[in-house]
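Take a look at the structure set out below.
There are 2 protein chains.
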Amino acid sequence: MNGLIEHTLRGSWTPSGASAAPLSPHALRWLRQRTGLAETATPAVPVSLLEVAESDLPEAARAELAALIGEQQVLTDPAERLGRAGGMSYTDLMRRRGGSRLAVPDAVLLPTDPDLVQGVLKICVRHDIAVVPFGGGTSVVGGVDALRGGKTAVVALDLARLDRLVSLDPGSRIAVVQAGMRAAEAESLLAAHGFTLGHFPQSYERATIGGFAATRSAGQASAGYGRFEDMVEGVRLATPVGEWRLGVSPASAAGPDLRQLAVGSEGALGVITEVALRVRPAPARSRYEAFVVDGWQSGVDAVRALAQGRALADVTRLSDVDEADVQLELSGALKARSLKTYLRGRGIRQPCLLVLGWDAASHGELKQRRAATLRALRGIRTVRLGRPVGEAWRSHRFSGPRQRDALLDRGVCVETLETATHWTDLSELRSAVRTALVRNLQVNGKSPIVMCHISHAYETGASLYFTVLAARDADDPLGQWQRAKMAASDAIAGRGTITHHHAVGADHLPWLEAEIGDVGGAVLAAVKKAVDPTGILNPGKLIRPAR
Amino acid sequence: MNGLIEHTLRGSWTPSGASAAPLSPHALRWLRQRTGLAETATPAVPVSLLEVAESDLPEAARAELAALIGEQQVLTDPAERLGRAGGMSYTDLMRRRGGSRLAVPDAVLLPTDPDLVQGVLKICVRHDIAVVPFGGGTSVVGGVDALRGGKTAVVALDLARLDRLVSLDPGSRIAVVQAGMRAAEAESLLAAHGFTLGHFPQSYERATIGGFAATRSAGQASAGYGRFEDMVEGVRLATPVGEWRLGVSPASAAGPDLRQLAVGSEGALGVITEVALRVRPAPARSRYEAFVVDGWQSGVDAVRALAQGRALADVTRLSDVDEADVQLELSGALKARSLKTYLRGRGIRQPCLLVLGWDAASHGELKQRRAATLRALRGIRTVRLGRPVGEAWRSHRFSGPRQRDALLDRGVCVETLETATHWTDLSELRSAVRTALVRNLQVNGKSPIVMCHISHAYETGASLYFTVLAARDADDPLGQWQRAKMAASDAIAGRGTITHHHAVGADHLPWLEAEIGDVGGAVLAAVKKAVDPTGILNPGKLIRPAR
Numbered sequence: 001m002n003g004l005i006e007h008t009l010r011g012s013w014t015p016s017g018a019s020a021a022p023l024s025p026h027a028l029r030w031l032r033q034r035t036g037l038a039e040t041a042t043p044a045v046p047v048s049l050l051e052v053a054e055s056d057l058p059e060a061a062r063a064e065l066a067a068l069i070g071e072q073q074v075l076t077d078p079a080e081r082l083g084r085a086g087g088m089s090y091t092d093l094m095r096r097r098g099g100s101r102l103a104v105p106d107a108v109l110l111p112t113d114p115d116l117v118q119g120v121l122k123i124c125v126r127h128d129i130a131v132v133p134f135g136g137g138t139s140v141v142g143g144v145d146a147l148r149g150g151k152t153a154v155v156a157l158d159l160a161r162l163d164r165l166v167s168l169d170p171g172s173r174i175a176v177v178q179a180g181m182r183a184a185e186a187e188s189l190l191a192a193h194g195f196t197l198g199h200f201p202q203s204y205e206r207a208t209i210g211g212f213a214a215t216r217s218a219g220q221a222s223a224g225y226g227r228f229e230d231m232v233e234g235v236r237l238a239t240p241v242g243e244w245r246l247g248v249s250p251a252s253a254a255g256p257d258l259r260q261l262a263v264g265s266e267g268a269l270g271v272i273t274e275v276a277l278r279v280r281p282a283p284a285r286s287r288y289e290a291f292v293v294d295g296w297q298s299g300v301d302a303v304r305a306l307a308q309g310r311a312l313a314d315v316t317r318l319s320d321v322d323e324a325d326v327q328l329e330l331s332g333a334l335k336a337r338s339l340k341t342y343l344r345g346r347g348i349r350q351p352c353l354l355v356l357g358w359d360a361a362s363h364g365e366l367k368q369r370r371a372a373t374l375r376a377l378r379g380i381r382t383v384r385l386g387r388p389v390g391e392a393w394r395s396h397r398f399s400g401p402r403q404r405d406a407l408l409d410r411g412v413c414v415e416t417l418e419t420a421t422h423w424t425d426l427s428e429l430r431s432a433v434r435t436a437l438v439r440n441l442q443v444n445g446k447s448p449i450v451m452c453h454i455s456h457a458y459e460t461g462a463s464l465y466f467t468v469l470a471a472r473d474a475d476d477p478l479g480q481w482q483r484a485k486m487a488a489s490d491a492i493a494g495r496g497t498i499t500h501h502h503a504v505g506a507d508h509l510p511w512l513e514a515e516i517g518d519v520g521g522a523v524l525a526a527v528k529k530a531v532d533p534t535g536i537l538n539p540g541k542l543i544r545p546a547r
Numbered sequence: 001m002n003g004l005i006e007h008t009l010r011g012s013w014t015p016s017g018a019s020a021a022p023l024s025p026h027a028l029r030w031l032r033q034r035t036g037l038a039e040t041a042t043p044a045v046p047v048s049l050l051e052v053a054e055s056d057l058p059e060a061a062r063a064e065l066a067a068l069i070g071e072q073q074v075l076t077d078p079a080e081r082l083g084r085a086g087g088m089s090y091t092d093l094m095r096r097r098g099g100s101r102l103a104v105p106d107a108v109l110l111p112t113d114p115d116l117v118q119g120v121l122k123i124c125v126r127h128d129i130a131v132v133p134f135g136g137g138t139s140v141v142g143g144v145d146a147l148r149g150g151k152t153a154v155v156a157l158d159l160a161r162l163d164r165l166v167s168l169d170p171g172s173r174i175a176v177v178q179a180g181m182r183a184a185e186a187e188s189l190l191a192a193h194g195f196t197l198g199h200f201p202q203s204y205e206r207a208t209i210g211g212f213a214a215t216r217s218a219g220q221a222s223a224g225y226g227r228f229e230d231m232v233e234g235v236r237l238a239t240p241v242g243e244w245r246l247g248v249s250p251a252s253a254a255g256p257d258l259r260q261l262a263v264g265s266e267g268a269l270g271v272i273t274e275v276a277l278r279v280r281p282a283p284a285r286s287r288y289e290a291f292v293v294d295g296w297q298s299g300v301d302a303v304r305a306l307a308q309g310r311a312l313a314d315v316t317r318l319s320d321v322d323e324a325d326v327q328l329e330l331s332g333a334l335k336a337r338s339l340k341t342y343l344r345g346r347g348i349r350q351p352c353l354l355v356l357g358w359d360a361a362s363h364g365e366l367k368q369r370r371a372a373t374l375r376a377l378r379g380i381r382t383v384r385l386g387r388p389v390g391e392a393w394r395s396h397r398f399s400g401p402r403q404r405d406a407l408l409d410r411g412v413c414v415e416t417l418e419t420a421t422h423w424t425d426l427s428e429l430r431s432a433v434r435t436a437l438v439r440n441l442q443v444n445g446k447s448p449i450v451m452c453h454i455s456h457a458y459e460t461g462a463s464l465y466f467t468v469l470a471a472r473d474a475d476d477p478l479g480q481w482q483r484a485k486m487a488a489s490d491a492i493a494g495r496g497t498i499t500h501h502h503a504v505g506a507d508h509l510p511w512l513e514a515e516i517g518d519v520g521g522a523v524l525a526a527v528k529k530a531v532d533p534t535g536i537l538n539p540g541k542l543i544r545p546a547r
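Encoded structure:
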C-alpha cells in the first residue's frame with residue numbers, strides 16, 4: 001500500500017510523516033477569540049478503526065477482470081478500497097475522522113492501458129457493475145464517492161497506471177498525456193523538453209490530468225495559461241458503446257464542440273484515458289509581487305481593469321479584508337500589527353491583498369508585461385508590498401490543504417466553495433453568499449470567519465472563492481456545514497454558476513438544473529443514455545437519475 | 001419585397017443596382033490564358049423564369065400560424081419563398097442561374113418576438129412541418145436548404161424581425177442581441193455606445209448574429225477578437241420541448257459547457273433567438289499593413305511564430321503565391337509586373353502576401369502592439385509593402401462575394417472551401433487538398449487556379465482557406481464542382497477538420513463522423529431526439545437522419 005492511500009485513509013491531505021502545517025499559539029488564540037473555537041481534538045483515524053463492508057464484487061466478474069487486466073490489477077483488500085472511498089471535502093475528511101461507515105468500492109481496478117479500460121467497461125456492463133473513475137481523489141464535491149446507483153457492485157477504476165507521456169509535438173506544441181498522470185509528474189516530464197502546461201490548482205500535488213479534464217479545472221495561473229478546457233486540444237474516452245476520440249484541429253465549425261462535452265463529463269459520460277494538451281515554453285523568468293488596495297470594491301475595480309484591459313498578470317488574485325487578515329494572522333512570516341499600522345499611515349483602512357505573478361521568456365518580456373499590468377492599474381490607489389509577500393504566496397500556493405489538516409485537528413470547521421458571475425453582479429453575489437454562510441455557521445452566538453478571493457478573472461466577470469473558519473458544532477459537525485452549503489448554494493442559484501472550477505459531482509447536482517435549465521438536464525441525460533445505456537458510469541454524479 | 005430578396009433570387013450576392021465588381025479586360029485575358037476559360041455568359045436569372053412549386057402548407061396550419069404571429073408574418077407568395085430557397089454556395093447560385101427547380105419553402109414566417117418562435121415550433125410539431133431557421137441566407141454548405149425531411153411541409157423561419165438590441169451592460173461588457181440582427185446593424189448600434197463586437201467574416205454585409213452563433217463563425221479579425229464562440233456569453237433558444245437559456249457566468253465547471261452545444265447547432269437543435277455577446281471598446285486607432293515573405297513555408301513559419309509568441313496582429317492573413325498572384329492580376333490597384341520585378345530584386349522568388357492589421361485604444365498602444373508583432377517576426381525575412389496595400393485589403397475585405405458574381409457572369413467556376421489542422425500537419429494537408437482540387441477541376445487539359453490562405457491562427461495550428469477559379473465545364477457545371485468538393489473532403493478527412501468556419505449543413509454531413517466518431521454521431525442524434533423529438537428542426541443538416 002503506497003503512501004497516498006495510507007494518508008488518505010487518515011482523513012487528511014498531508015502525507016504521513018510530513019508536517020501538517022501546525023498552528024502557532026498566536027494563531028490558535030486568535031481563532032479562539034474570533035470564532036469561539038473550543039478546541040476539540042479530532043485527529044485522523046488509523047485504518048484499523050474504519051469499518052469496511054465485505055466486497056460485493058461477484059467472483060465471476062472478478063475473474064473476468066483479472067483475466068483481462070491481470071490479477072495484480074484487481075484489488076479487493078479493505079485498505080486499498082478505503083483508499084478510494086471518496087474525495088477530500090470537509091464532509092469526506094470528517095466522515096473518516098469520525099470513523100463512520102464509508103461508501104467503499106467493492107474493488108479497485110488498475111488498468112495499464114487505454115484499450116484495457118475499454119475492455120473493463122464491457123465486463124462491467126455485462127455484470128451490471130457501477131464504475132467510478134478515480135484519479136487523484138481530490139474531489140471536494142463528492143465526485144468520486146463510491147455510489148452504487150442500484151447496480152450489483154461498484155468498482156473504483158483507478159487510472160494511476162495510465163501515466164505515460166504518449167507523444168510530444170514541439171512544432172504544434174501539443175503533448176498527448178495519459179489520464180492518470182499526476183500534474184506534478186506531467187510538469188516535470190514537460191520541463192525536460194522545455195515546456196510547461198501552466199496548470200496549477202491547489203490540488204496540484206495530487207490531482208491528475210484526466211481529473212482536470214473531467215472536472216473543467218482552473219488553475220491559479222488561469223489568467224495567463226487559461227482554464228484547463230482551453231488547454232485540451234483533444235481527448236480520448238472509453239465508453240460502454242465504444243471508444244471516442246475528439247480533436248483533429250485547434251478549432252472547428254463542424255457542429256457543436258463535442259470536446260466541451262467530454263471536458264466536464266465527470267466520469268459520467270466516459271472514462272477519459274488520454275488528453276492532447278496545448279503546452280507552452282517553460283518561462284525563463286517569473287516575478288510575484290503583492291499590493292494592497294483599500295476595500296473590496298477598489299480591488300474588484302482593479303482586477304476588472306486588468307481583465308478588460310487585457311493586462312492581467314498570469315496569476316491575478318485579490319483577497320478581501322477578511323482573507324488578507326487571516327493570512328496575516330495565521331502566518332508567522334509577517335508582523336500583522338505593524339503592517340496594519342503602516343497601511344493606515346498610507347490611508348488604507350480596509351486592506352485587501354492583490355497578488356500578481358508574471359511568467360516570461362526573458363527579463364525584457366517580463367519587464368514589459370509587468371509595466372502593462374501596472375499601467376492598467378493607474379486609476380486605482382495601490383500600496384506596493386513588494387516581492388517577498390508575493391513570493392511567500394507563491395511558495396505556499398499548494399499548502400492550503402495541509403493547513404486545513406492542522407485546523408481539522410484542532411476542531412475547526414474549515415471548508416471552501418466557489419462561484420462566478422458577471423462583473424455587474426459580483427458584489428451582490430458575494431454579499432448573498434457571505435450572509436448565507438455567516439447565518440448558518442454560527443456557534444454559541446459567535447460568527448464564523450468568511451473569507452473571499454477572486455482568483456480567476458475574465459473580460460465579462462470573475463470567480464468568487466469563499467473559505468470559512470468556524471468553531472465546529474460538536475453535536476452535529478456534518479449538519480452544520482451541510483446547512484451552510486445548502487444556504488450558500490441557494491443564494492448562488494440564479495445569480496452565478498453553482499461551481500466555477502470544483503465541478504458538480506454529487507454535491508452540486510440539486511442546483512444544476514437551475515443553471516442549465518430542464519432542457520439542459522434532459523440533454524445531459526440523453527447524452528448519458530447514448531454513451532452509457534445501462535448507466536454504469538459514475539452514478540449519482542453530474543446527471544440526475546432517470547425519473 | 002425588399003432588396004435582399006430580389007437580388008438573392010437572381011443568383012448573385014450583389015444587391016440590385018450595385019456594381020458587381022466588373023472584371024477588367026486585363027483580368028479576363030489573364031483568366032482565359034491561365035484556365036482555358038471560354039467565356040459563357042450565365043447571368044443571374046429574373047424571378048419570372050424560376051419555377052416554384054405550389055405551397056404545401058396545410059390551410060389549418062397556416063391559419064394557426066397567422067393567428068399567432070399575424071397574417072402579415074406568414075408569407076406564401078412565390079417571390080418571398082424563392083428568397084429563402086437555399087444559401088450562397090456556387091451550387092446554390094448556379095442552380096438559380098440555371099433556372100432549375102429549387103427546393104423552396106412552403107411559407108416564410110417572420111415572428112417578431114422570441115416567445116412567438118416558441119409558439120411557432122409548437123404549431124409546427126402539431127402539424128408535422130419542418131422548420132428551417134433563416135438568418136442572412138449566406139450559408140455556403142446547404143445549411144438553409146428547404147429540405148422537408150419526410151414532413152408534410154417545410155417553412156423558412158426568417159428571424160429578420162428579431163432585430164433588437166435587448167440590453168447592454170457596459171460594466172460587464174455584455175450586449176444581449178436578438179438573433180436576426182444583421183452584423184453591420186449590430187456594429188452600428190454598439191458603436192453608438194463605444195463598443196464593437198469585432199466579428200468580420202466575409203459574409204458581414206448580410207449575415208446575422210444568430211447565424212454566426214448557429215454556425216460557429218470565425219471572422220477576419222479572429223486573431224484579435226476570437227472566434228464567434230469566444231464571444232458568446234449566453235444564448236437563448238426555442239426548442240420543441242421548451243425554451244432553453246444558458247450562460248449565467250463567464251466560465252463554469254458545472255458539467256459540460258452546453259453553450260458549446262448551442263453554438264454550432266445549425267438550427268437542428270433549437271432556434272437561437274437571443275445571444276449575449278462579449279463586446280470590446282471600439283478601437284480608436286487601427287493600422288493595416290502588408291508584407292511579402294518568400295514562399296509558403298516561410299509564411300507559415302511567420303504566422304506560427306506570431307501565434308506561438310502570442311504576438312498575432314488582430315488580423316493576420318497569409319496568402320500563398322497563387323492567391324497573391326491572383327490578387328495582383330485581378331485588382332487594378334497594383335501594377336503586378338513592376339511589383340514582381342521589385343521583389344525579385346529583393347531576393348523574393350515566391351512572393352506570399354502577409355496582411356497584418358492592429359486595432360488599439362490609442363496611438364501608443366498601437367505602436368506597442370505593432371512592435372511586439374514585428375519583434376516576433378525577426379527570424380523571418382520579410383519585405384514591407386506598406387500601408388496602402390494593407391488598407392487596400394481592408395477596404396475590399398467584404399468584396400469577395402461581389403467579385404464572385406462578376407466571375408460567375410463570365411462562366412468561371414469559382415468556389416471556396418476551408419479546413420484547419422495542427423502546424424505539423426498543415427503543409428501536407430494543403431498539398432493533399434490542392435492535388436484533389438486541381439485533378440478534379442481540369443477542363444480541356446487546363447488546370448484551375450487553386451489559391452490558399454491562412455486567416456485564422458492558433459498556438460497549435462491554423463486554418464487553410466482555398467479558393468478555386470476554373471473554366472466552367474459547360475456540360476456539367478454542378479458535377480464538376482461536386483466531384484472536386486468530394487475529393488477535397490476525402491483528402492481532409494483524418495487530416496484536419498471538415499470545416500473551420502463554414503459549418504456542416506447538408507454538404508459536409510457525409511464527412512462529419514470521420515471527425516467526431518460514430519460515438520459523436522450518436523451523441524448528436526441523442527441530443528436532437530431530446531430537444532426535437534419529432535425531428536422538425538432543419539432536417540438533413542448537421543445530424544444524420546435516424547437509421
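Top to bottom, those sequences are chains A and B.
Taking the UniProt record's numbering, the leading residue of the first sequence gets 1, the next gets one more, and so forth.
Taking the UniProt record's numbering, the leading residue of the second sequence gets 1, the next gets one more, and so forth.
Heads up, the beta-carbon is just placed ideally off N, CA and C, and yes, glycines get one too.
Are the beta-carbon atoms of residue i and residue j separated by less than 8 Å?
i, j, result
"residue 382 of chain A", "residue 293 of chain A", "yes"
"residue 274 of chain B", "residue 166 of chain B", "yes"
"residue 281 of chain A", "residue 360 of chain A", "no"
"residue 131 of chain A", "residue 536 of chain A", "yes"
With DSSP as the reference, identify every bridge partner of residue i, one or two as the case may be.
i, result
"residue 178 of chain A", "A:274"
"residue 133 of chain B", "B:157"
"residue 288 of chain A", "A:357"
"residue 422 of chain B", "B:461"
"residue 168 of chain A", "A:175"
"residue 412 of chain A", "A:471"
"residue 466 of chain A", "A:417 and A:452"
Restricting to Cα atoms, I'd like to know which of the options is closest to residue i.
i, options, result
"residue 53 of chain B", "B:146, B:470 and B:70", "B:146"
"residue 289 of chain B", "B:365, B:356 and B:246", "B:356"
"residue 419 of chain A", "A:502, A:374 and A:470", "A:502"
"residue 416 of chain A", "A:378, A:389, A:68 and A:486", "A:486"
"residue 73 of chain A", "A:162, A:205, A:248 and A:481", "A:162"
Near-chain A residues of the stretch 451–471 of chain B (beta-carbon distance less than 9 Å), N- to C-terminal order: For the stretch 451–471 of chain B, the set of residues with a beta-carbon nearer than 9 Å to any beta-carbon of chain A comprises 456, 457, 458, 459, 460, 461, 462 and 463, in chain order.
Stretch pair the stretch 443–459 of chain B + the stretch 392–409 of chain B: three plus CB contacts closer than 8 Å: no
Cβ contact check for the stretch 88–105 of chain B and the stretch 144–156 of chain B: 3 or more pairs under 8 Å: Short answer: they touch.
The stretch 180–197 of chain A in contact with the stretch 419–438 of chain B per 3-pair CB rule at 8 Å: no
Cβ pair count under 8 Å reaching 3, the stretch 168–182 of chain A against the stretch 524–544 of chain A: no
Members of the stretch 158–182 of chain A that neighbour chain B once the beta carbon cut-off is set at 8 Å: 169, 171, 172, 173 and 174
The stretch 334–354 of chain B touching the stretch 461–468 of chain B, judged by at least three CB pairs closer than 8 Å: Per the Cβ contact rule, the stretch 334–354 of chain B is not in contact with the stretch 461–468 of chain B (fewer than 3 Cβ pairs under 8 Å).
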